[in-house]
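Visitor: Supplied in structure tokens, the structure appears directly below.
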Amino acid sequence: MTIRIEVHKKLSKGNVSAILNASVNFATKQLKDRVLGAHSKTHHSGTLVVLALIPVKYWIVQSRQLIRQILQHCAVWLRFHGKSAMEPWTVLPSERVVTSRPFEAIGVEFADPFYIATEYSNNEKKCSGLDLECEILELQSLAICQIFSEE
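Remember, the working numbering sits 1231 above the position in the sequence shown when you count from 1.
Dropping the structure here:
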């Protein structure tokens, strides 16, 4: 006598007892304990790793779905494999949405005079700095110029 199952493979009568339906069978509690043990032993890994580590004597119908259901109750697994939060889109102010050319809106900062030692001479040069910041592209340009003044 042969029995056909969903995967369209023929099984002999001796193999029929090796098929477990996890949602109906009395051994579901033991199976859940094995799944949780393998899950914690593998440091909260996913479905396929747990499925590979469970010592199975029987063929379990819908074993992946059973393991996924059990893993969805694990807080550590959910923390690392859960869906990320989705923030709602906000309406931007109209002055931030207007198209403009680069360096059309800039910020200018001046640096106090400072001294730079040159590589080839021992004397220091008095310099000042100018920092230009583009607010549109968020770019910075630093210009250092020598101060020619009498002191």
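Note that CB positions come from ideal geometry on N, CA and C, so glycine has one too.
Since this is a predicted model, take the numbers as computed values, not measurements.
1) Can you look up D1362 in the DSSP assignment and give me helix, strand or coil?
2) Where do the ends of the alpha helix (DSSP H) carrying I1298 lie?
3) Based on the DSSP secondary-structure assignment, which residues constitute the bridge partners of Y1346?
4) In whole angstroms, give me the CA-to-CA distance for C1376 and L1323.
5) Using alpha carbons as the reference points, say which of G1268, L1262, S1315 and E1355 lies closest to Q1296.
6) Our contact map puts E1366 next to A1336 with C-beta atoms below 8 angstroms; I'd like the distance itself, whole angstroms only.
Guide: So, to answer that:
1) Stepping through the sequence shown from its first residue, residue 1362 is reached at position 131. Reduced to three states, the DSSP call for D1362 is strand.
2) Numbered from its first residue, the sequence shown carries residue 1298 at position 67. Element bounds for I1298: S1294 to L1302.
3) In the sequence shown, residue 1346 corresponds to position 115, counting from 1. In the DSSP output, where bridge partners are listed per residue, Y1346 has K1357.
4) Reading the sequence shown from its first residue, position 145 is the one you call residue 1376. Reading the sequence shown from its first residue, position 92 is the one you call residue 1323. Approximately 39 angstroms between the Cα atoms of the pair.
5) Here residue 1296 corresponds to residue number 65 of the sequence shown, with the count starting at 1. Considering only alpha carbons, the answer is L1262.
6) Stepping through the sequence shown from its first residue, residue 1366 is reached at position 135. Stepping through the sequence shown from its first residue, residue 1336 is reached at position 105. Contact holds; Cβ gap of about 5 angstroms.
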